[in-house]
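The opening position of the sequence shown corresponds to residue 328 in the working numbering, with each subsequent residue numbered one higher. Below is one structure; the comments refer to it alone.
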Amino acid sequence: MNRDINIKLKETRKLYDSKKYAESLNSYEELFNDCSDQFKRNDLISYCWAIYQTRVKNFSDENELFEAVEFITTLIPQADLNYKRTCPYTFSVFALLDYLFEEKNYFEMSCWLDKLNPKLLESRRGIFNGRFTRSRKEKYFDYATKAYLECGEWESCIEAAKNALKSMKVFTNGSDAWYNWRIAKSLRELDKNAEAIAYLEEVAKVKNDWFVYREFAENYHIINDNDNALKYISKAILAKGSINMKVNLFCLAFRLLKNTNDEMALRHAELCYLLKCESNAQIPEELEELMIDEESLDKNSLITQINEYWSGFQFQSQDLQYGTVTKFVEERNFGFIVNDDNESIFFHGSDFRGEDIHVGQLVSFYTEENFDKSKNRKSLKAVNIRGE
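Here it is in structure tokens:
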């Protein structure tokens with residue numbers, strides 16, 4: 328009997344090797360139902376690969392995918408991909424996680440992430456079209472930190488992100504900044520704002536997006552450090568980004584300014600109110616109480632007034648500098664300006680207030696602190712750059 332089963336298992340394996348996946352799966356299922364106790368470890372692995380090819384990789388509906396992956400995880404354990412290159416258990420769970428991520432089903436993701444041990448995932452990165460792609464370990468941490476953050480599992484998010492930063496030596500597409508970002512977001516939710524700011528400092532070394540500055544401003548506002556809150560809200564408002572995405576930023580600015588500058592506080596409240604009305608979003612009660620007359624307001628005028636105010640605020644302690652663009656690398660969107668004191672100052676294209684940047688162009692600008700990641704030290708960069 329054992330000899331007959333072994334022969335049939337070998338024949339079934341040949342079907343799989345011939346890429347007759349559906350036939351091999353039917354044969355494996357019949358054999359498993361009749362004599363599962365005769366399946367050796369390699370037979371179970373082959374059976375799982377047949378399930379993966381037919382019901383995971385090419386699933387017909389969500390239920391089939393869930394059932395197939397669940398069954399695979401009961402048949403075999405997760406292999407250590409630091410020593411092996413493939414594992415139907417790991418590949419199947421990741422296929423399900425990919426699907427759940429596309430569906431933004433973060434709750435289910437957080438459940439399935441528990442099926443994987445990140446220590447058994449390889450750190451080797453792939454290369455596609457000359458660019459590095461994430462290793463499975465990095466992809467696991469990307470999924471874990473995103474899912475835990477979206478589900479409000481703050482402690483789990485922090486633990487996973489710190490584990491990623493500690494266990495990986497190289498990161499793809501700046502993922503280390505996103506791990507620090509998610510730690511900071513989670514710490515703020517746990518009312519640990521000072522700690523959150525420390526992690527945001529790491530993020531700001533490599534990212535100058537407006538929402539990073541907003542996060543600084545919100546944390547400083549919570550701990551009643553209004554000077555730093557105003558400093559960062561000015562950066563957030565002046566940084567490039569959709570005005571509609573910044574709508575709640577203007578509400579925060581209203582709160583920060585209403586005790587020191589009633590007029591500018593009102594301008595921010597009015598712009599927030601207009602943007603909320605345009606998108607049919609709920610108006611905050613504090614703005615409703617102002618009895619704002621939207622018919623009398625001009626959005627473009629408000630934007631101009633607000634930008635002029637924060638430009639003056641941000642650079643109030645500096646003299647306007649002048650210089651010449653001496654280098655601009657268009658494909659990487661950065662360059663250098665030599666000022667009137669013959670100092671070479673780095674700039675990023677996003678800080679140029681105009682449509683054209685070219686070598687030899689005369690410009691005016693201010694400076695702000697920057698972090699030179701290649702030299703691992705603080706430096707200056709030119710900002711609010713305008714052609715003369």
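Note that CB positions come from ideal geometry on N, CA and C, so glycine has one too. It should be emphasised that the depicted structure is a prediction, and the values quoted were computed from it without experimental measurement.
Examine the Cβ distances between the stretch 473 to 483 and the stretch 520 to 529 and report whether three or more of them are shorter than 8 Å. Not touching, per the Cβ criterion.
Going by alpha carbons, who is nearest to Trp-505 out of Lys-519, Asp-518, Lys-466 and Glu-480? Closest by alpha carbon: Lys-466.
Tell me whether the stretch 689 to 706 and the stretch 645 to 662 touch, counting them as touching only if at least three CB pairs, one residue from each stretch, are closer than 8 Å. Touching, yes, given that three or more Cβ pairs across the two stretches are closer than 8 Å.
Quick one: complete alpha helix (DSSP H) runs, 4+ long, within the stretch 441 to 480? For the stretch 441 to 480, whole alpha helix (DSSP H) runs of length 4 or above, ordered along the chain, are 463 to 477.
Could you check whether Tyr-636 and Ile-619 sit closer than 8 Å to each other, using their CB atoms as the reference points? The answer is no: Cβ separation not under 8 Å.
Proximity winner among Lys-512, Glu-480, Asn-588 and Ser-462, relative to Cys-438 (alpha-carbon distances): Closest option to Cys-438, judged by alpha-carbon separation, among Lys-512, Glu-480, Asn-588 and Ser-462: Glu-480.
If you follow the alpha helix (DSSP H) that Gln-609 is part of, which residue opens it and which one closes it? That residue, Gln-609, is in no alpha helix (DSSP H); it is neither H nor E in DSSP.
Tell me Phe-434's beta-bridge partners as DSSP assigns them. Under DSSP, Phe-434 shares a beta bridge with no residue.
Could you give the DSSP three-state label for Gly-650: helix, strand or coil? If DSSP states are grouped into helix, strand and coil, Gly-650 belongs with the strands.
As assigned by DSSP and simplified to three states, the class of Tyr-693: In the three-state DSSP reduction, Tyr-693 falls in the strand class (E or B).
Around the Cβ of His-685, are there at least 16 other Cβ atoms within 10 angstroms (buried) or fewer (exposed)? Its Cβ having fewer than 16 others within 10 Å, His-685 is exposed.
Buried versus exposed, by CB contacts within 10 Å (16 or more), Gly-687: Its Cβ having fewer than 16 others within 10 Å, Gly-687 is exposed.
For Arg-368, which of helix, strand or coil comes out of DSSP? Three-state DSSP puts Arg-368 in a helix.
Whether or not the stretch 616 to 633 and the stretch 673 to 685 are in contact is what I'm after, with contact meaning three or more pairs of Cβ atoms, one per stretch, closer than 8 Å; do they touch? A contact is defined here as three or more CB-CB pairs under 8 Å, and the stretch 673 to 685 fails this definition with respect to the stretch 616 to 633.
Where Leu-624 falls: helix, strand or coil (DSSP): Coil at Leu-624, not helix or strand.
Is it buried or exposed, Ala-349, if we count other Cβ atoms within 10 angstroms and call 16 or more buried? Its Cβ having fewer than 16 others within 10 Å, Ala-349 is exposed.
Just to confirm my understanding: we take Leu-408, look at its own chain, exclude 5 residues before and 5 after, and list those with CB closer than 8 Å. What are they? Excluding positions up to five away in sequence, the list reads Cys-414, Thr-417, Leu-447, Leu-448, Glu-449 and Arg-463.
Keeping to the same chain, check which residues put their C-beta closer than 7 Å to that of Tyr-722; ignore five residues upstream and five downstream. Because the chain is modelled from 328 through 715, residue 722 falls outside the range shown and cannot be assessed.
If you reduce the DSSP assignment to three classes, tell me which class Leu-602 lands in. In this structure, Leu-602 counts as helix in the three-state DSSP scheme.
If you run the structure through DSSP and keep just helix, strand and coil, what is Phe-698? Here Phe-698 sits in strand by DSSP.
Is it right to say Phe-577 is buried, meaning 16 or more other beta carbons lie within 10 angstroms of its own, or is it exposed? Looking at its Cβ environment, which holds 16 or more other Cβ atoms inside 10 Å, Phe-577 is buried.
With 16 other Cβ atoms within 10 Å as the buried cut-off, status of Ala-608: Looking at its Cβ environment, which holds fewer than 16 other Cβ atoms inside 10 Å, Ala-608 is exposed.
Who does Ser-513 pair with in a DSSP beta bridge? Answer is none; Ser-513 lacks a bridge partner.
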